[in-house]
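Residue numbers (my numbering), protein chains in the order written: chain P, 148 to 500; chain G, 148 to 500.
Just so it is clear, CB atoms sit at the ideal spot from N, CA and C, and this is done for glycine as well.
Just below is one structure, and these are the notes that go with it.
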């Protein structure tokens, strides 16, 4: 069975998907031992961890020995299937695999990033003055460009992955989305809007040129569930097993699920700023230089704190489980890992539990 | 088609095998265009670049974009097959792939390194006094331990790769070997003997303890063609397409094929020392500490120069092309990439030209 994680990064959560898949298989094996022949006993799992070539794959690879020891200890070794882990550098908006090779694609918190800033915005023929993403003052033409880019990217992504998946292969995507129907007031629009405010303050202080801010656009779009569903439907390539939107606090250290009160908005502002800085620092540095980083994110932390005092805002997160439809030109028997075809059925069993 | 390079490193030659395989396929496509349907037109090639987890995969991955551009330019793009490059961290003395997945294994200048120093030597129950590898004063018990380690490693390697290869899959290995029948006077024995001499000088100067030198053993064995052939025969897993020994000058900058004279033995000594330092520096540093490195390799360069003044010595290099025998328990139709089965035949066509 071949499993690919798209946008794996190289942090403490990177190997989570490997753990989860191995754990699901091991549990299934343990369940059936003593009764019938365990159906996943001879399963080999090949994992591909994908990210852009600039990702720290060295760090990731050097953590694998320890990971393997811990995984074996936790699951008492014998329950785990044989598994292999490779690194795969490249954008998931390009082909990453030969035809019909992959049984399961997974991607966590990556798919809201677009393949590029829409050409009209990056050329400056259309300008989103004072903003870095869609916000309250964004003109409709800019909204349309971001939406179009999302539709093109998602549609292309579905085509690429459908070619790479075995027949009836599956895909689980988790990404930031939008709950508010009004695209100008999406929850992520507030987040990026508060960062744009901090940049505007630097413009007022004369530390950043206004043109520099106006020419900076995030390659980002947080779609609504309906927008995502529409592209999937139009593609005619996948059936939707499951689509759901849940919410996650802006502050990653705030695990209070209910209530509309932020206990310590100053600290939450700092936490949010740290988190967002880790994500966008390379983009900011590339466009504005690194001199402004410290002050920018200090101001951003204060802006976030002020916002959270008024209203506790959450990220809407879309979880999407898709199953590839049969491709008419490749009958099922031609799938590229016929020795793994049992693996595919097993993965479906595991996924359906 | 799946191609794996074992011990890929991360230098300027790392992507050579990718170029060569793509070039061979592109040439075959160009040959047949205009005549019959090109047999390799729809071939996708998936490369796995393998090395130990400490290899600089980041450097390698960051060079891929440029490599792809140059490859497309050189071959005018359209002749190249679709290809994908993954990194695979791990020792090639362990399983690296699921069963019956790989069409071609390649390994260049790695397979003379053993999986470990023989246990009796590393525990110190047997000692190779004053030496770091087999040399003139090495006792027969030590020679036997090195030989046994080679046989075990090679036999294990053949079993692992045979499980991973598709039926009739192929393997091309290039590694340092031995031409001299006398194992105590192998060409590599001279090389390591001159490094041992430099370490002995440091012992005499009181900068390295004698016990430290006596407990240092290279996990290395340079077999003769007959020794390699014998292990392959005993394994009953592979047919030998081709086995050959050629010779390469110690000094990588000396491209004079004939003649027994080294033009500038001082410079050649420096060149050889640089080259060997790049290979064994991590092992030396780990055992002796980094303080001795500069002086050690200066002395080694002088020892090599003195040796080359007396006799121009060459590395014997064994090139080995193997084809996997059918595995009785997996009939050919069960190979893991049935959609690539045409690829396998094509690879055989390419390899036989």
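Chain P residues whose Cβ lies nearer than 7 Å to that of residue i
{"i": "residue 205(G)", "result": "203, 204, 205"}
{"i": "residue 159(G)", "result": "Ordered by position in chain P, no residue passes the 7 Å Cβ test against residue 159(G), which lies about 18 Å from the chain."}
Boundaries (first-last residue) of the beta strand (DSSP E) holding residue i
{"i": "residue 432(G)", "result": "That residue, residue 432(G), is in no beta strand (DSSP E); its alpha helix (DSSP H) goes 412-435."}
{"i": "residue 234(P)", "result": "229-236"}
{"i": "residue 198(G)", "result": "191-198"}
{"i": "residue 471(G)", "result": "461-471"}
{"i": "residue 373(P)", "result": "Unbroken run through residue 373(P) is the alpha helix (DSSP H), 372-382; no beta strand (DSSP E)."}
{"i": "residue 518(P)", "result": "The shown model of chain P, from 148 to 500, leaves out residue 518(P), and the question about it has no answer."}
Closer than 8 Å to chain P by CB, residue i
{"i": "residue 478(G)", "result": "Low confidence applies to residue 478(G): its pLDDT is 43, below 50, so where it sits in the model is not reliable enough to give any reading."}
{"i": "residue 195(G)", "result": "yes"}
{"i": "residue 155(G)", "result": "no"}
{"i": "residue 494(G)", "result": "Interpretation of residue 494(G) is limited by its pLDDT of 43, a score under 50 that renders its predicted location unreliable; the figure taken from the coordinates is listed afterwards. So no, residue 494(G) is outside the interface."}
Cross-chain neighbours of residue i in chain G, by beta carbon under 8 Å
{"i": "residue 234(P)", "result": "204, 208, 233, 234, 235, 236"}
Amino acids of chain G, ordered along the chain, whose beta-carbon sits closer than 7 Å to that of residue i
{"i": "residue 217(P)", "result": "Residues of chain G passing the Cβ test: none, with the nearest at roughly 16 Å."}
{"i": "residue 308(P)", "result": "Near residue 308(P) there are no residues of chain G at all, since even the closest Cβ is about 14 Å away, more than 7 Å."}
Terminal residues of the alpha helix (DSSP H) in which residue i lies
{"i": "residue 394(G)", "result": "Segment 385-396 is the beta strand (DSSP E) holding residue 394(G); no alpha helix (DSSP H) there."}
{"i": "residue 450(P)", "result": "440-457"}
{"i": "residue 338(P)", "result": "334-351"}
{"i": "residue 286(P)", "result": "Note, residue 286(P): premise wrong, no alpha helix (DSSP H); not H, not E."}
{"i": "residue 360(G)", "result": "357-361"}
Cβ of residue i within 8 Å of any chain G Cβ
{"i": "residue 251(P)", "result": "no"}
{"i": "residue 151(P)", "result": "no"}
{"i": "residue 489(P)", "result": "Note on residue 489(P): pLDDT 34, under 50, position unreliable in the model; the coordinate value appears next. Taking Cβ atoms only, chain G never reaches closer than 8 Å to residue 489(P), which makes this a no."}
Chain P contact residues for residue i, given Cβ-Cβ distances below 8 Å
{"i": "residue 229(G)", "result": "242, 245"}
{"i": "residue 287(G)", "result": "Neighbours of residue 287(G) on chain P: none; closest Cβ ~37 Å, over 8 Å."}
Chain-ordered neighbours of residue i on chain P, where CB pairs are closer than 9 Å
{"i": "residue 211(G)", "result": "200, 236, 237"}
Near the ligand HEM: residue i beta-carbon under 7 Å from a heavy atom
{"i": "residue 169(G)", "result": "Here there are no bound small molecules, and the ligand HEM is not part of this structure."}
Checklist entry - Counting only runs that start and end within the region 200-227 of chain P, where is the alpha helix (DSSP H) found for 4 or more residues in a row? => result Whole alpha helix (DSSP H) segments, 4+ residues: 204-209, 211-221.
Next on the checklist: I'd like the ranges of any alpha helix (DSSP H) spanning at least 4 consecutive residues and lying wholly in the region 248-321 of chain P.
Outcome noted: DSSP assignment within the region 248-321 of chain P yields the following whole alpha helix (DSSP H) runs of 4 residues or more, N-terminal first: 266-270, 287-311.
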